Structure formats: structure tokens, C-alpha cells
Amino acid sequence: MTARHRAPGRVAVHLLLWGYAVVALLPLVVMLVNSLRPTSEIFTAPLGLPASPTLRSYGRVWTEASFSTYLLNSLTVTCGAVLLGTAVSALAAYPLARYDFFGNRVLGAYFLAGLMLPIRLGLVPIFYLMDSMGLIDSLLGLTLLYAASGVPFCMFVLSAFYRSLPGELDEAARLDGAGEFRIFGQIMVPLVRPALASVTLFQFVPLWHEFLYPLVLLRSDEKFTIPRGLSQFFGEYTTDWSALFAGLVLATAPLFVLFVLATKQIIAGLTAGMSK
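In the numbering used here, the protein residues as written are 3 to 278.
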């Protein structure tokens, strides 16, 4: 096809992508704009611009609502769960992908079966399990639960990346006298770094916004995560929408920073192997 024939299709694709970007960004713009307006003004013109922008809601959220405590709790739980789940998955996926032993396929299928079972279906048994272990109202219990929930997905992605690496790498390293842990740490992990960045992000985002299990497992205000803490702005008869929007903006900021810092690794992980 000539460049003249490709031009209309390219324009259509760009228009489609720009349209999707506008639709995706519009709620974020509305959230940011309404965080700068008082609640009374939001009810008057929900999609209007602020008559006199103010940061008063941000100050109230940060001080009166203990947002700094919620932020610290969310960072502790989410980062701890992502690091623990990714580390366990990287160690477990390596032998399953690089070694052929009895029960390999059965064990791999057992891990992947977790992808077919939504974690919310186990709400009741998980609650009783946490209660029996004394982990109710505990950030440690929530961290362990989140870490376990991310293992099946991480295993699925990392196993595929490990299998794509040439077997000659292992053989050459063993001929040079390298042990298995050295091969894993100095050869395999650097090569699958794009995959590690991808699974880290895909775990971080849903865990950061998770609301159900903090609602069920956490009791104390000083242990609430951001989604659980922001729910307090919803009253039985009234809702402080301005403070709620300000809290949502503050909650979204860490995700924005994460995307900016990890964009290169994410793209590399998603496009790895496309040129083969």
C-alpha cells in the first residue's frame, strides 16, 4: 500500500486514540476541578469551572481526615504486598519455567488456577482464617492477603518470560562455575526486569484502590487505608463532595508518579518478544 492509501487509516486510528484519551481523562479533569470548589458550588453546577478556586478542601482532608495516616498505611500495605508477592513469584516461576521435573505441569496449573477464582469469592473463609490467626484489624494480615492474591498473575507472566530466554545462558553460566542462585540473581532477574516492572504496576494499581477487604478486616481508624478512610466522607444524609474529590486527587497522585517513573520499563515489558 502506498502512503496515500495508508493516510486515511492512520488518521482514523489517531482520531480514535485521541477520542479515547479524552473520554479517559475527562473524569480526572472533573475530579480535579471539583476539588477546587466548595460543595455548594458543585451542586449548583457539577460540570462548571470554579468561580474562586481554593485549596481549603485539601487542607481539611490532610489534617481533619488524617489523610497522611491513610496514605502511610496504603503505602505500607500496597508496597509490602507487591514486593512480597513479586519476590515469591519470581523465585517460584524460575524452576517451573527452566527445569523439567516430575509434577512440573501440575504444579504450574495449580498456581494458574488462582486466576480463575476472584479473591472476593473467598471473603467469608478468609475472614475466619484471619480471625483464627489474630490478623483482624492488622496491616500485616492485609499485606499477606494482597501478596497471596497477586501470585497467580505474576507466575503466569514471569513463567512466560523465563521460558523465552535461551537455554544456553544457563549452560554457559554453569560451565563457568556459577551456582543456581547466582544464575537466578545475576543473569535471569536482570533479563526479566521489564516483566517485573509490568507485574509490579499491574499489582499496585488494583491493590491501591481495593476497598472491600479493608472494609471487612480493618476496625481502627488509625489503620485505615485510603479507600477505607475516604468512605467516611459519605454521610447518611450528606456527603462532603469537595473534600472527597480532594482526597481522590491526593490518592491518584502516587499512581501518576509511578506511571511516569516506570513508563519505559512497562512498555519494554509489554512489547518484549514482538520482534522475534
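From the three backbone atoms N, C-alpha and C, an ideal C-beta is built for every residue, glycine too.
What you are looking at is a predicted structure, and each value in this text was computed from that prediction instead of being measured.
Could you tell me the distance, in whole angstroms, from the CA atom of residue i to the CA atom of residue j?
{"i": "P97", "j": "S200", "result": "21 Å"}
{"i": "S161", "j": "P154", "result": "11 Å"}
{"i": "L86", "j": "L19", "result": "36 Å"}
{"i": "T227", "j": "L34", "result": "21 Å"}
{"i": "H211", "j": "V108", "result": "33 Å"}
{"i": "A23", "j": "F261", "result": "16 Å"}
{"i": "G110", "j": "A89", "result": "17 Å"}
{"i": "F1", "j": "A14", "result": "In this structure the chain extends from 3 to 278, so residue 1 is not present and cannot be described."}
{"i": "I185", "j": "L119", "result": "34 Å"}
{"i": "L177", "j": "L203", "result": "36 Å"}
{"i": "E43", "j": "T254", "result": "23 Å"}
{"i": "G50", "j": "A26", "result": "19 Å"}
{"i": "S277", "j": "F45", "result": "The predicted model places S277 with a pLDDT of 44, which falls under 50 and marks its position as unreliable; any figure quoted below should be read in that light. Answer to the nearest angstrom: the Cα atoms are 53 Å apart."}
{"i": "V126", "j": "A174", "result": "50 Å"}
{"i": "L198", "j": "T41", "result": "42 Å"}
{"i": "Y101", "j": "P168", "result": "13 Å"}
{"i": "P256", "j": "L30", "result": "14 Å"}
{"i": "M73", "j": "F235", "result": "Looking at the sequence itself, residue 73 is Leu, so the reference to Met does not match. Approximately 16 Å between the Cα atoms of the pair."}
{"i": "P180", "j": "L114", "result": "With the sequence shown as reference, residue 180 is identified as Ala, and Pro is not the correct amino acid for it. Distance between the alpha carbons of A180 and L114: 31 Å."}
{"i": "F104", "j": "G61", "result": "60 Å"}
{"i": "G11", "j": "L28", "result": "26 Å"}
{"i": "V207", "j": "A264", "result": "13 Å"}
{"i": "V32", "j": "G187", "result": "46 Å"}
Beta-carbon separation of residue i and residue j under 7 Å?
{"i": "S37", "j": "V251", "result": "yes"}
{"i": "T145", "j": "G82", "result": "yes"}
{"i": "M157", "j": "A95", "result": "yes"}
{"i": "Y148", "j": "L209", "result": "yes"}
{"i": "I121", "j": "S76", "result": "no"}
{"i": "F213", "j": "V194", "result": "no"}
{"i": "Q205", "j": "V84", "result": "yes"}
{"i": "L143", "j": "M132", "result": "Note on residue identity: the sequence assigns Gly, not Leu, to residue 143. In this structure, M132 lies closer than 7 Å to G143 by Cβ."}
Regarding residue i and the ligand SAM, is the C-beta to nearest heavy atom distance less than 6 Å?
{"i": "A162", "result": "No copy of the ligand SAM occurs in the structure displayed, which carries no ligand at all."}
So, at 7 Å on beta carbons, what are the nonlocal neighbours of residue i in its own chain, with the 5 sequence-adjacent residues on each side left out?
{"i": "T1", "result": "No statement about residue 1 is possible, as the shown extent of the chain runs from 3 to 278 and does not include it."}
{"i": "L17", "result": "none"}
{"i": "G275", "result": "Any reading at G275 must be qualified, since the residue scores a pLDDT of 48, below 50, and its modelled position is unreliable; the value itself is stated next. Result list for G275: S166, in chain order."}
{"i": "P48", "result": "none"}
{"i": "L171", "result": "I189"}
Return the chain-ordered list of same chain residues with a C-beta closer than 8 Å to the C-beta of residue i, the five sequence neighbours on each side being excluded.
{"i": "F69", "result": "V63, I228, G231, G249, L252"}
{"i": "N106", "result": "L98"}
{"i": "A92", "result": "C156, L160, V191, V194, L198"}
Which same chain residues end up closer than 6 Å to residue i when comparing Cβ atoms and leaving out the 5 residues on each side of it in sequence?
{"i": "P52", "result": "L38, R39"}
Need the endpoints of the alpha helix (DSSP H) that residue i sits in, please.
{"i": "Y164", "result": "141-166"}
{"i": "A83", "result": "69-100"}
{"i": "V201", "result": "195-210"}
{"i": "S233", "result": "Where S233 is concerned, there is no enclosing alpha helix (DSSP H), given that its DSSP letter is neither H nor E."}
{"i": "S37", "result": "Segment: none, S37 is in no alpha helix (DSSP H) and carries neither H nor E."}
{"i": "P55", "result": "No alpha helix (DSSP H) holds P55; DSSP gives it neither H nor E."}
{"i": "F104", "result": "Careful: F104 lies outside any alpha helix (DSSP H) and carries neither H nor E."}
{"i": "T41", "result": "41-46"}
{"i": "A174", "result": "170-177"}
{"i": "P127", "result": "125-134"}
{"i": "L49", "result": "No alpha helix (DSSP H) holds L49; DSSP gives it neither H nor E."}
{"i": "I185", "result": "182-185"}
{"i": "P120", "result": "No alpha helix (DSSP H) holds P120; DSSP gives it neither H nor E."}
Quick check: the stretch 202-222 against the stretch 138-148, are at least 3 beta-carbon pairs closer than 8 Å? yes
Are three or more beta carbon pairs between the stretch 53-61 and the stretch 241-248 nearer than 8 Å? Touching, per the Cβ criterion.
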